[in-house]
Structure formats: C-alpha cells, structure tokens
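**Student:** Quick mapping for you: the protein sequence lines, in order, are chains S and Z. The first sequence begins at 6 in the numbering used here and counts up one residue at a time. The second sequence begins at 6 in the numbering used here and counts up one residue at a time. All residues carry an ideal CB built from backbone N, CA and C; glycine is no exception. Computed from a predicted model, the values in this text were never measured in an experiment.
Number of protein chains: 2
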Amino acid sequence: MALSRVLNRVRNLPLSMGHARERVALAQVQQDDLGEPFGPFMKTEVPGPISRQLIEELGQIQNSQAVQFFVDYESSHGNYIVDVDGNTMLDLFTQISSVPLGYNHPSMEAALRDPHNMSAFVNRPALSCFPPKDWARRLQSALLSVAPPGLSQVQTMACGTCSVEHGQKALFMNYQRRMRNYEPPTDTDLTSSVMNEAPGSPPLAILSFKGAFHGRTMGALGCSHTRWHHKLDFPAPDWPIASFPALKYPLEDFVRENRAEEDRCLAEVRDKIEMYRRKGVFVAGIIVEPIQAEGGDNHATAHFFQGLQDITEEHEIGLQIDEVQTGCGGTGKFWAFEHWNLRNPPDIVAFSKKMQTGGFYYKNEYEAQEPYRIFNTWVGDPAKVVMLEQVVRVIKEQDLLENTKKTGNYLQSMLLNLQREFPNMLSKARGIGTFCAIDFPSTEVRDKVVLNLKNRGVHLGACGTHSIRLRPTLIFQQHHVDILMDIFQAVLRDFK
Amino acid sequence: MALSRVLNRVRNLPLSMGHARERVALAQVQQDDLGEPFGPFMKTEVPGPISRQLIEELGQIQNSQAVQFFVDYESSHGNYIVDVDGNTMLDLFTQISSVPLGYNHPSMEAALRDPHNMSAFVNRPALSCFPPKDWARRLQSALLSVAPPGLSQVQTMACGTCSVEHGQKALFMNYQRRMRNYEPPTDTDLTSSVMNEAPGSPPLAILSFKGAFHGRTMGALGCSHTRWHHKLDFPAPDWPIASFPALKYPLEDFVRENRAEEDRCLAEVRDKIEMYRRKGVFVAGIIVEPIQAEGGDNHATAHFFQGLQDITEEHEIGLQIDEVQTGCGGTGKFWAFEHWNLRNPPDIVAFSKKMQTGGFYYKNEYEAQEPYRIFNTWVGDPAKVVMLEQVVRVIKEQDLLENTKKTGNYLQSMLLNLQREFPNMLSKARGIGTFCAIDFPSTEVRDKVVLNLKNRGVHLGACGTHSIRLRPTLIFQQHHVDILMDIFQAVLRDFK
C-alpha cells in the first residue's frame, strides 16, 4: 500500500466512529489495496463552501443547477468519494450507477500505465472502418466473455442512449426485412427513406412502459416516461405506452394480487399493439428495463417478463432489454434478466454505465445485412474497452458477483430491519443483489433524508417520486452495509 | 527523436520514391518529432492478407463489411497510417476527419503519461452532478478559449449525434418558452409531455437540407438526407427539408447563376416553414452544415448563410450550425462559419470529431432554465477534454490555422492544376483551407480511383455520389501535398 494512501487513511480516520475500526477486519484481503478510509468523515455540510464557489463559476459557462458537489477524484478511493471541501462520503450512487470497482482502482490505473495500451488512449479510431489490430480479441475478452447467454454478436457505441437507439434500429430493420419477405428493398424504398417518407421510412413503433427511462435522444426519449424535465417542449413520436406492473409489498403477502396486476399489464401490451396496428402504426419491438431504475426501482416478476417474451414471439417482433443501469453485476448476476429464466434469449440487450463502453448484444438474425447501417464515426472507444477488460477480469478473479449476492442478501435483510424499526418512514424495501431501494411517505421526506444522509457521510441517489436507490460498487462489503445502516438509523431517529 | 522512430523511418524509406528524401527538408521543425516516414510505402494491396483474415474474424462478432483495413496504430505517426500488413499510407481521411494532430502526437502521449491527468482517465464522472474540481478551468482552457465569437456557453456531450440532438432540444426549449410568453409551464404541459402528448410534447420541427448529414439517432437522423444506408426501415419525423444550393464551378464564372440558385433555396426555406405552419407543425430552428461533407462537399457562399440567419431572425427561431466535421481548424479558421461574416453569432454550434469531445456552444438565451433538461449520465468525458487541451495548445503554439491556410492554398492550386491536366476525369475542385474535394464522372470511376490511390499509398475518403473529400490533419504540409499530387497524377495517368 502506497505511503500516501496510508496517510490518507489516517487523516480520514473518523474519530467520531470508533466502530469502523473494528469492522475493517471483516473486509476481504483485496480491499487492503484500495486505499479506502475507515469510514465517512465530514468537515462541512454538502455542498461546502468550495463546492458552492465552483458551482457558481461553472454556472457562468453552463447550467450548473444539477451539481451536488465538486469532487476530488484523486483523493477518492474504493467505495469512498471525497469532495473538494474534504468531506469523505460512502458512495452508494457511484456516478449514477456507473462505477463498478470503486474510485482509482489499482487495476485500472495499471491498465492506463501499461505502454501496450497507450495507443488506444491517444488514437481514437473510426472503429467500423479502421479498427486496431487487436480489436476482435479485445471484443472477445472484454465483451463476449460476459455476453448474455445465447447472444454471440455485439456492437459497441459511445453511450447508453446511442446503444438503445441503435438497438431499436436493429429491431426496425429485422421487422421490415420480414415484411419484405426477405426480398431486397425497391428503389422507391431507398429513395423515399432519404426524404423521411414511406415506404422507406415506415410507420413503425417501439412499445415502451410508463415509468421507463431509456435515454435522451429522440428515439430513446420517445420510450422514456418518468419526469417532465426529460421531455417538456420536445416533439415525441406517437408510440404505444403500456402500464408497468405496480407490485405490492411484501411480495410474499400479495402473490395473487401481483400476478393479476402483471397479467393486466400484459393484456394492455397486447391491446396497445392491436390499437396502434388499427391506426396504421406497427410495433416492431418492445423495450423494457429489468428494473425500472430512474422510474422508482419498479420490479416485476419472471412471470411478467416471460409473458412479454411470449407476446414478442407471437407477434414476431423483437424484445429489447435495456440493461444500461442493471447490467454488469449489481443484481448478483452479470445481467439482471438472467434472473427470469427466459425460454429463449432476448433479441437485443443494451448496456453502458458500469460497462465503461456503450453497446448492445444481439441475436444473429438482427445483424445488419449491409455495411453502414449500424454506424457512426467512432462507434465506441477502444480506451473504454481497455478499461472494461480490467473490470471483467477483476469481477471474475475476485468473484465479485458472489460478493454482490452475499452483500446484497445482507443489505436487504438490514433494510427490512430498518423498515420494521421505522414503519412510518420506510416501506417497500426491495432489491436483487445490492440493487436495492426503499420508499418514503413523500418526495419532501425522501429529499430531506437524502440530504441528511449526505451531510452525515452517506451519498445516495433518489429515484421515482419518493424512493431512494442504492447503487454501490461491486466491491461493496458487509462492513460498508453496517456503516450505511448506522448512519441511516441515526438520520431516521433524528428526523424532524 | 527516439531510436525506434529513427529505425521506423529508415525501415519505411520508400526506395521507389527518391523525391520524398529531398522534400522532407521543407517540413517545419516540429515535424521532426512526429516520427513520420519519408513517404508512403506499400507492401501488399489493401486490404492485405492479414487485414482480410481479421475482417473475417471480426465478421463472426458483428457486421464487418465497412472495414477497409485493420490498423497498426502503434506504428502510425503524424500524417501516416500503417496497416497490419505493413503498408504505410499518407492519410487524408484521418478516421473520418477526426484526427487533428496526426497519430501518436507527442503532446497527447505526454498528457496521458502526466500523473496529474490519471484520475481523469480512470474515474469517469457524471459530469452534470459530480464534476471534478478542475472542470470549469478545463472547460475554459480547452473549449472556451476557442469558442466561436459571441458564444460564451458550452455543454459537453459524448459524440456528434448527441451534440446535435441536445442542440435541437435547446432550440425547442427556447421556442416554447417564447410561445408561453416566458410564463412557467402548466401542470398539463408537464404531465402530457411525459406521455409524448401535446401540449407538453408540441408538434415542433427542425428544418434541414437535402444532402445534409447530422447524425444517427432519431432527431439528428431526421435531419439527415444523404444515403439510404442511414435511413431505410427507420421511422422518421415529418419535418421540412429544403434544397441546398447546387453551385456551378468555377465559382467566378457563375456568380449570377449561383446567386440565383442560393436565392431559390432561401425562398424554399421560407416556403417550407410556411407550408408546415399551415399543417400545424412549427419550425423551431434550422440546422445546417457550413459545408455538406457526407453529402458530397457541397459549398454555399456567405450570401446564403447570411440569408438563412435573416430568416431565423425574422421568424424568431434558432440557427444551429453543425460544425462536427468542419470545426477545429480544417478550413483555416477554427470554425468554418467564421468565413461568412454573419451579422450576429449563430445560436447553437455543435462539434465533435477533431475536438475529441462532443458538445455544443450556445447563446445565453438558449441556456436551460431548469436542471436535468440537457443531461445524461456522463455528458462527455474529462479524459477527452484533457486531450482537447493539448490539441488546442498545439494549434495555438504552432499556429496550425495559418499552416492549414497556407497548405490549403497550395493544395487547392495543385488540385486545379490536376483538374486542368485531366479535364475528362476531374471537375469542381473546391475547398477552404485543406477541407477540399473534387468530382469524378461517376461513382464507379470515383471508387476505382480511391482504391488505386490507396494501393499506391494515399488513403482518402469518398463523399456524395461521385466526389472525394480531402480531410488531412492540421499538421499537413506542402511536402505532403506534393507526395499526394505525384501519386494522384500517376493514378489518373494509368487509369483504365
């Protein structure tokens, strides 16, 4: 362990939290190299004076109203984020669920220092035309080695929304290919498409769900239905939107009711497809998140997702799973949809965030038949795939899926305990792996608790109207849960 | 100069091209550090056997039909790209116009090695919520120091298409704010927007041009009208599309005709805005490239762009300039629109490619009024801004705009010479700076010339139906032009 990191630990030792000192013994050996402090350590409220100053400065250049605090990334290690005012917080939001191994992970630093990787960082290729010599090998080791079962093809992209939209394109192309009986397109198809006109630009749609979030460009945003901030003033396609199940908790007490709710939503999906067909708009595919994250961590059971797959198979349309937030291990399986035991693989699986690179996996029949169909200048970035290689290697070597499953079980049981202790404050504790959430009586209470948690050293995110979401790293351990729970309990106890 | 680079030069010395040896003396001192070979050096046809093998391997994972060759980026230096078969080509395509300083530029390598930058490469932040402490400073030095005159605000994004779409959103927001008389939105506005419905999701449009290319996600693609490969099978918004001027060359012989053509197109813009208004679709802005690149390097004069600005001002709508391909110096000015002497700054200027990061500049009144309006998880990447800092520094220190202007003048005169020598093969030589193009009698002839050039060591790109586009780096020099011209001349002379 580097001297600077030892000093960092000592400096950040939370004198007010003697418990942390003992708990560190529970950590796995690998944690020792991460340079984590023993626990949170707060110097100011958040945002502190330096953050506030910087927010004002940034506000001269762009809208800075969404900034929560400025970060000293050099001083952040493992599960702890350090802000510019010297506050050390346990991070359960992880850059909106996009940090798999914590901050400044040694293996990612080593990848950056490795001279063999330098070229990937300084020469960004147009990957679809001029890929680097090791590109197929890197795709294999980073992406195909963790491909969802049954999917052997992958296309990289720069970010989540592009990944979702190019997945939609794959659905559209496949649908139209079938509509043309696998005959080549006519000249009229080709020329009309260039001018946004039918038959080349057909009236196709993607069916999405209320409470879904899939991205911020027009096609992905057209499938997103959470907050007006994302949508107001922007033209949107007239595509069908069905209800997503609103399950009642605890699940074991509402098995029959929840099954009926899921069947109601499945029936609505069928109805909307038919309703749109009658008005001349044809659904080419269904897009769904395994857990509606931005929308409030809304879960559905395997029954619902199996039913969705039945519908797509009956209608010969595609099923696109958006694993941008759920993918890469947070649920204890690499892909969240693996929890459902689907009869067949889904057709498209989009990813980004913790995966470092955007992209989507797809079935063979969804491969573009011509060049330049799924394309842009960069289609991703080898530098990010270099980083993903490290992420995947560490996940496998340290069995971080098993860690996330174990830590997740512990976290869920502790959340349930807390809910029992504060029944008027907390409800609907839920989760898979460490991908957990819990509800509050109102937006106001939720927001205040999030703020109080932050000011006591626990940084986490809100979702939906009155939920918080826990999105720790994959190196989150039992002793981190204990720290979280101590502070959470104190915040709820002191809540006024 | 490192020994390996000296050896690299000796190894690649083109024995068949003695002329290159003398010409190297013309290069500026800075070129000495770039490790460039003396000229192209071909060992096989392109793609060679190793590229062909790798194309087949990649084809098992994804559609690899657009791959021209696999690249040995480690061995590529300055203006020369080296493929996996050991072919050294003078690169005038530069990863679809996205390499400003050539391959493995020492200053970019140094930035990567600088320990102060490591954190930016291994910790990717959610920039709108948790920016790094130096973010405002980096935006200043990398982006605002080269901001288009009159624009002081900037928003980063991951890639070109996201930059264009978020620029469109800024146009939509500003239009609707005016429509609401700057009153806050109603509850109906907010709730309807979430469900893709009016009034919250209004029937707004962006007017675009035939032959335009702006990106690959639905909103940007709705404004793109070049090739069916980009568009076929995908639903598209019904937005107005006007003609872009088709100028006759040489420009000095057709001043009156070209003026009339531009006025015809401007009148069509007005007509389309009105036509759509009558059917209840309101144009919130016009998007235009300074030079339609993908569409065939179509130029218009300052008169046309000044006229477009007049129209946007009359209609109180926005003018969005897409500088994704033209920006960052290729025309001899940092931004191509600076050649037009617009009366006022444009409202939005989108960038990406050579700028390393995507993003857009905008006028103050186009700033979002609320947080989370222009937003996604990453909104760009500090690692790319670190690289852009180097690009901007080198452009300024070495006066690469002046270099590009000078080299461009020389390149243009040589293209005209070549056109005079081969009047049946070449026409419409055109360009600003080194951003040049020339036409061939047909697609077939053009494609064959591009192939023959490549096999003799000059790698360049096609655009439109029968043009080639020259997109060299900003360190492209007179002696590179000479090498290009010698080979171009030989290819045309031998053309059968």
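1) Classify Thr222/Z as helix, strand or coil using the three-state DSSP reduction.
2) Tell me which same chain residues have a C-beta within less than 6 Å of the C-beta of Ile60/Z, skipping the five on either side of it?
3) Thr93/Z to Val384/S, Cα distance in whole Å?
4) Just the Cα atoms here: how many angstroms apart are Arg16/Z and Met47/Z?
5) Under 8 Å between the Cβ atoms of Pro207/Z and Asp238/S?
6) Could one say the Cβ of Ala355/Z lies closer than 8 Å to chain S's Cβ atoms, at least one of them?
7) Please list, in chain order, the chain S residues whose beta carbon lies closer than 9 Å to that of Ile246/Z.
8) Should Gln374/S go down as buried or exposed, given a rule of 16 or more other Cβ atoms within 10 Å for buried?
9) Return the CA-CA distance between Thr306/Z and Trp345/Z, expressed in angstroms with no decimal places.
10) For a contact meaning CB atoms closer than 8 Å, what does Arg221/Z contact in chain S?
11) How should Gln65/Z be labelled, buried or exposed, when 16 other C-beta atoms within 10 angstroms of its C-beta is the threshold for buried?
12) Report the three-state DSSP secondary structure of Lys174/Z (helix, strand or coil).
13) At what residue ranges does the stretch 208-253 of chain Z contain a whole run of the beta strand (DSSP E), taking only runs of 3 or more?
14) Tell me where the beta strand (DSSP E) around Leu324/Z begins and ends.
15) What distance in whole Å lies between the Cβ atoms of Thr161/S and Thr222/S, which are believed to be in contact at a cut-off of 8 Å?
16) What are the residues of the stretch 224-246 of chain S that lie near chain Z, defined by any Cβ-Cβ distance shorter than 8 Å?
17) For the structure I just gave you, are there three or more beta carbon pairs, one from the stretch 193-204 of chain Z and one from the stretch 398-416 of chain Z, closer than 8 Å?
18) Might you give, ordered along the chain, the residues of its own chain that have their beta carbon closer than 6 Å to the beta carbon of Asn109/S, omitting 5 neighbours on each side?
19) Tell me whether Leu59/Z sits in a helix, a strand or coil according to DSSP, three-state version.
20) Give a single yes or no on whether Ala147/Z has its beta carbon closer than 7 Å to a heavy atom of the ligand GTP.
21) Using a beta-carbon distance below 8 Å, is Ala298/S in contact with chain Z?
22) Between which two residues does the alpha helix (DSSP H) holding Ile278/Z run?
23) Would you kindly check if the distance between the Cβ of Leu256/Z and the Cβ of Ala241/Z is under 8 Å?
24) Could you pull the DSSP bridge partners for Ser472/S from this structure?
25) Would you decide whether Asp386/S is buried or exposed? Buried here means 16 or more other CB atoms lie within 10 Å of its CB.
26) To the nearest angstrom, how far is it from the Cα of Ser213/Z to the Cα of Asp499/S?
27) Cβ closer than 8 Å: which chain S residues qualify as neighbours of Glu114/Z?
28) Please classify Ser112/S: does DSSP put it in a helix, a strand, or coil?
29) Using only alpha-carbon positions, find the residue among Ile326/Z, Gly332/Z, Lys359/Z that is nearest to Leu347/Z.
30) With 16 other CB atoms within 10 Å as the buried threshold, where does Val399/Z fall?
31) Along the chain, which unbroken stretches of the alpha helix (DSSP H) at least 4 residues long are found entirely within the stretch 135-180 of chain Z?
32) On the three-state DSSP scale, how would you describe Leu97/S?
33) Would you kindly work out how many angstroms separate the C-alpha atoms of Leu313/Z and Leu176/Z, rounded to a whole number?
34) CB Ala217/Z to CB Glu266/Z, shorter than 8 Å?
35) Alpha carbon to alpha carbon, how far is Asp258/Z from Ala147/Z?
36) Tell me where the alpha helix (DSSP H) around Ser198/Z begins and ends.
**Tutor:** Well, looking at it:
1) coil
2) Ser69, Val72
3) 25 Å
4) With a pLDDT of 39 at Arg16/Z, under the threshold of 50, the predicted position of this residue should be treated as unreliable, and no value is reported.
5) yes
6) no
7) Met200, Asn201
8) exposed
9) 8 Å
10) Cys167, Glu170, His171, Phe380, Asn381
11) exposed
12) helix
13) 209-214
14) 323-327
15) With a Cβ gap of about 17 Å, Thr222/S and Thr161/S do not count as contacting.
16) Gly224, Ala225, Gly227, His230, Thr231, Arg232, Trp233, His234, His235, Lys236, Leu237, Asp238, Phe239, Pro240, Ala241, Pro242, Asp243, Trp244, Ile246
17) no
18) His82
19) helix
20) With respect to the ligand GTP, the structure offers nothing, as it holds no ligand at all.
21) no
22) 260-283
23) no
24) Asp444/S, Cys468/S
25) buried
26) 58 Å
27) Met123, Val127
28) helix
29) Ile326/Z
30) buried
31) 140-143
32) coil
33) 16 Å
34) no
35) 42 Å
36) 192-199
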